[in-house]
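So the number in this note's numbering is just where the residue sits in the sequence shown, counting from 1, plus 188. One structure below.
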Amino acid sequence: LMSYFSKGKASLAPNPEPFPSHAPNLAEEMNAIREDLHLAPSTRVLLLLSLATDDMIRQVVMHPQVWFMDCTHRVNRQKKDWFIMAVRTPAGKTFPGNLTVIPSGRRWVFSSIYQLAFVYLYGELTCSRYRLALCDADYCEYGPFEDAITINDIFRRSALMICSFRGIWMPFKEEVFKHLPLKGDGSKQLSTVGSEWGRQASEYLTKEEYDRSNEVLSEVLRMDETVSAVGEHCVAAMLILQDKLKRKERYLAHHMRLPIYMNFGGKTTTSPCESMNRRAKHGDKSVNSTMNGSTSLSLMTQQTDERLLISRKSGFRELQKSNLASRSPTEEQIQVKIQYMIDSNFDRREKMKVAQLAPEVWICWNFAKESSKKCNCAPWTHLPRFHRVFKLVVKRQLGKLFLWCECRHHDG
Numbered sequence: 189l190m191s192y193f194s195k196g197k198a199s200l201a202p203n204p205e206p207f208p209s210h211a212p213n214l215a216e217e218m219n220a221i222r223e224d225l226h227l228a229p230s231t232r233v234l235l236l237l238s239l240a241t242d243d244m245i246r247q248v249v250m251h252p253q254v255w256f257m258d259c260t261h262r263v264n265r266q267k268k269d270w271f272i273m274a275v276r277t278p279a280g281k282t283f284p285g286n287l288t289v290i291p292s293g294r295r296w297v298f299s300s301i302y303q304l305a306f307v308y309l310y311g312e313l314t315c316s317r318y319r320l321a322l323c324d325a326d327y328c329e330y331g332p333f334e335d336a337i338t339i340n341d342i343f344r345r346s347a348l349m350i351c352s353f354r355g356i357w358m359p360f361k362e363e364v365f366k367h368l369p370l371k372g373d374g375s376k377q378l379s380t381v382g383s384e385w386g387r388q389a390s391e392y393l394t395k396e397e398y399d400r401s402n403e404v405l406s407e408v409l410r411m412d413e414t415v416s417a418v419g420e421h422c423v424a425a426m427l428i429l430q431d432k433l434k435r436k437e438r439y440l441a442h443h444m445r446l447p448i449y450m451n452f453g454g455k456t457t458t459s460p461c462e463s464m465n466r467r468a469k470h471g472d473k474s475v476n477s478t479m480n481g482s483t484s485l486s487l488m489t490q491q492t493d494e495r496l497l498i499s500r501k502s503g504f505r506e507l508q509k510s511n512l513a514s515r516s517p518t519e520e521q522i523q524v525k526i527q528y529m530i531d532s533n534f535d536r537r538e539k540m541k542v543a544q545l546a547p548e549v550w551i552c553w554n555f556a557k558e559s560s561k562k563c564n565c566a567p568w569t570h571l572p573r574f575h576r577v578f579k580l581v582v583k584r585q586l587g588k589l590f591l592w593c594e595c596r597h598h599d600g
């Protein structure tokens, strides 16, 4: 990493290895960087530094399915941004899996990270096991990943999506939120009708339900009651947002088919990298823009390794506590490592509603959601809800038991 005071001098790295790139105009990019940094033609510069400790690599190998990726700024006085890739454990905890010092936010930089640095650090097998990458709505960041999925066999089984904050909440904030009706002329709070329109009230698990919801929304927006309640400008803004989300279907399908509330907690990003940024810049070993790059990287890696060690010890304690407090009748016959999964299902059995139709036939459902009663005066604000009922039938064949499930879709 070039020192802040080494203007025109040789780089601190004695013999940096060249980092290849797939960009055809790499020479022009290099010359532009040299001109921006006022470097002599003979000066060598380390353009990319991708770092992962042993514990970070172990964490990525254990949980390679989903990668959360984002960039953070103001972490060193060399003004070099960090690219952070984080992974989440089944317990819901998030840890950095990679820290990369990047010279800029160009496409070739991220392409080098995805197809070269990741493959070298984690191996082809681990990279081939990942299934979903979640990142911001920056084309220079997610565009190279799309290219890698298309041309690289290692990433061919992967998918790319944009986080709900950048993909859904920000367009909603820019297009619709400012047109929602308020309580009064000088008030900044939404009215009752405005609050009901400020959230997504339906959830979609299939493409057919999503397409149908668009048709229903278009019909509701054309109603005279809707126009009189929220105004023509708000209806026009909703139609614009609806068209934008349709065109981003392949990036946002997962989020559109799950309940994402536009008010309160729904506007937070789904990328755990935001929590990594906050943890990096606050706490005992926080980093800031006055530190050298080597110091900030060292503090970040130490902090990550300490968190991983604490999480590992906590997991051992919780597992032992769960096994000792187990109420499942299979606690003595099931392996210790999976007993906690059985306990979780055993303790949550009261939340499911079951009706027995025959000796070996049941209907199972879960209607935990309650319909909103805050806006009964405006029934057109109630978007459709899709309830699902599952019919379970026990079948016997050759002395074995099989459970057959039929999913019935009911529209609320």
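Using N, Cα and C, we set each Cβ at its ideal position, and we do this for glycine too. Model, not experiment: these values are computed from the prediction.
Same chain, Cβ closer than 8 Å to Lys434, neighbours up to 5 away in sequence not counted: Residue 434 sits at position 246 when you count from the first residue of the sequence shown. A distance below 8 Å between beta-carbons, with the five flanking residues on each side excluded, links Lys434 to the following residues of its chain, in chain order: Asn402.
Boundaries of the alpha helix (DSSP H) in which Arg246 is found, first to last residue: Here the question's residue 246 lines up with position 58 in the sequence shown. From DSSP, the alpha helix (DSSP H) with Arg246 extends over 242–250.
Coarse secondary structure for Met257, derived from DSSP in three states: Taking the first residue of the sequence shown as 1, we reach residue 257 at position 69. It is a strand residue.
9 Å Cβ cutoff, His226 in contact with chain B: The structure shown contains no chain B; it holds only a single protein chain.
Whole beta strand (DSSP E) elements within the segment 272–339, 3-residue minimum: 282–290, 320–323
Which listed residue (Ala468, His251, Ser352, Lys579) has its alpha carbon closest to that of Cys259: Residue 259 sits at position 71 when you count from the first residue of the sequence shown. It is Ala468 whose Cα lies nearest to the Cα of Cys259.
Rounded separation between Val423 and Thr483 - CA only: By 1-based counting over the sequence shown, the position of residue 423 is 235. By 1-based counting over the sequence shown, the position of residue 483 is 295. If you take the alpha carbons of Val423 and Thr483, they lie about 52 Å apart.
CB contact flag (Pro283, Ser499, <9 Å): Translated into positions along the sequence shown, residue 283 becomes position 95. Translated into positions along the sequence shown, residue 499 becomes position 311. This sequence places Phe at residue 283; Pro is not what is there. Going by C-beta atoms, Phe283 is nearer than 9 Å to Ser499.
Neighbour-count burial assignment, Thr338, 16 or more Cβ in a 10 Å radius: Counting from one through the sequence shown, the residue named residue 338 turns up at place 150. Around the beta carbon of Thr338, fewer than 16 other beta carbons lie within 10 angstroms, which makes this residue exposed.
Sequence-distant residues of the same chain with beta carbon closer than 7 Å to Pro332, five excluded per side: Counting from 1 along the sequence shown, the entry for residue 332 is found at position 144. Correct list, in chain order: Arg295, Phe298, Ser299, Tyr302.
Which listed residue (Lys281, Trp357, Leu545, Ala546) has its alpha carbon closest to that of Lys432: Here residue 432 refers to the residue found at position 244 when the sequence shown is read from its first residue. Residue Trp357 is the option with its Cα nearest to Lys432.
Touching by the beta-carbon criterion (3+ pairs, under 8 Å), the segment 317–337 and the segment 239–256: yes
Start-to-end residues for the beta strand (DSSP E) that takes in Leu235: Stepping through the sequence shown from its first residue, residue 235 is reached at position 47. Note, Leu235: premise wrong, no beta strand (DSSP E); not H, not E.
Simplified DSSP assignment, three categories, for Gln358: As a position in the sequence shown, residue 358 is number 170, starting the count at 1. Before going on, a small fix: residue 358 reads as Met here, not Gln. Of the three classes helix, strand and coil, the one that applies to Met358 here is helix, per DSSP.
Other residues of its chain near Leu314: CB distance less than 6 Å, five sequence neighbours each side excluded: One-based indexing of the sequence shown puts residue 314 at position 126. For clarity, residue 314 is Thr in the given sequence; the question names Leu instead. The residues are Val249, Pro252.
Per-residue DSSP class, three states only, for Val418: In the sequence shown, the residue the question calls residue 418 occupies position 230. The answer is helix: DSSP assigns Val418 an H, G or I state.
Range covered by the beta strand (DSSP E) that runs through Leu348: Residue 348 sits at position 160 when you count from the first residue of the sequence shown. Taken as a continuous stretch (DSSP letters only), the beta strand (DSSP E) holding Leu348 covers 347–350.
Proximal residues to Phe343 (C-beta, below 6 Å), its chain only, five neighbours per side dropped: Indexing the sequence shown from 1 puts residue 343 at position 155. Contacts found: Ala336, Ile337.
Beta-carbon contacts of Ser379 that lie in its chain and below 7 Å, excluding the five residues immediately before and after: Along the sequence shown, read from residue 1 onward, the residue named residue 379 stands at position 191. Within its own chain, the residues whose Cβ lies closer than 7 Å to the Cβ of Ser379, once the five positions on either side in sequence are excluded, are Pro369, Leu370, Lys371, listed in chain order.
Neighbourhood of Leu496 by C-beta distance below 7 Å, restricted to the same chain and skipping five residues each side: The count along the sequence shown starts at 1 and reaches residue 496 at position 308. Contacts found: Asp243, Gln247, Phe283.
Arg410 classed as buried or exposed, judged by whether at least 16 other C-beta atoms fall within 10 angstroms: Looking up residue 410 in the sequence shown gives position 222. When all chains shown are included, Arg410 counts as exposed.
Whether Thr288 touches Ala305 by CB criterion (9 Å): Position 100 of the sequence shown, counted from the first residue, corresponds to residue 288. Position 117 of the sequence shown, counted from the first residue, corresponds to residue 305. Yes, Cβ-Cβ distance for Thr288 and Ala305 is below 9 Å.
Bridge partners - Phe365, DSSP secondary structure assignment: Against the sequence shown, residue 365 aligns to sequence position 177. Note: Phe365 sits in no beta bridge, so no partner.
Reference Val418, options Asn286, Gly374, Lys366, Pro291, closest by Cα: One-based indexing of the sequence shown puts residue 418 at position 230. For the residues Asn286, Gly374, Lys366, Pro291, the minimum Cα distance to Val418 belongs to Lys366.
Cα-Cα separation, Glu407 to Met426: For the purposes of this step, residue 407 is taken as the residue at position 219 of the sequence shown. For the purposes of this step, residue 426 is taken as the residue at position 238 of the sequence shown. If you take the alpha carbons of Glu407 and Met426, they lie about 12 Å apart.
Backbone secondary structure at Lys501 - three-state DSSP: Counted from its first residue, the sequence shown places residue 501 at position 313. In this structure, Lys501 counts as helix in the three-state DSSP scheme.
Local conformation of Val404 per DSSP, three classes: Position 216 of the sequence shown, counted from the start, is the residue given in the question as residue 404. If DSSP states are grouped into helix, strand and coil, Val404 belongs with the helices.
Gln430 versus Leu239 - alpha carbon distance: Translated into the one-based positions of the sequence shown, residue 430 becomes position 242. Translated into the one-based positions of the sequence shown, residue 239 becomes position 51. Linking Gln430 to Leu239 through their CA atoms gives a straight-line distance of about 41 Å.
With 16 other Cβ atoms within 10 Å as the buried cut-off, status of Ser219: The residue labelled residue 219 in the question sits at position 31 within the sequence shown. For clarity, residue 219 is Asn in the given sequence; the question names Ser instead. Answer is exposed; the Cβ neighbour count stays below 16.
Inter-residue spacing [alpha-carbon to alpha-carbon] between Leu235 and Val381: The residue labelled residue 235 in the question sits at position 47 within the sequence shown. The residue labelled residue 381 in the question sits at position 193 within the sequence shown. Cα to Cα, Leu235 sits roughly 53 Å from Val381.
Distance, Glu494 Cα to Thr231 Cα: By 1-based counting over the sequence shown, the position of residue 231 is 43. By 1-based counting over the sequence shown, the position of residue 494 is 306. Their backbone Cα atoms lie some 37 Å apart in a straight line.
In DSSP terms, what Phe590 is bridged to: Taking the sequence shown and counting its residues from 1, one reaches residue 590 at position 402. Paired residue(s): Lys583.
Gln266 - DSSP class collapsed to helix/strand/coil: Residue numbering aside, residue 266 sits at position 78 when the sequence shown is read from its first letter. Of the three classes helix, strand and coil, the one that applies to Gln266 here is coil, per DSSP.
Unbroken alpha helix (DSSP H) run spanning Ile381, endpoints: The residue given as residue 381 occupies position 193 in the sequence shown. Residue identity differs from the one stated: residue 381 is Val in this sequence, not Ile. Secondary structure note for Val381: its alpha helix (DSSP H) is the uninterrupted segment 380–385.
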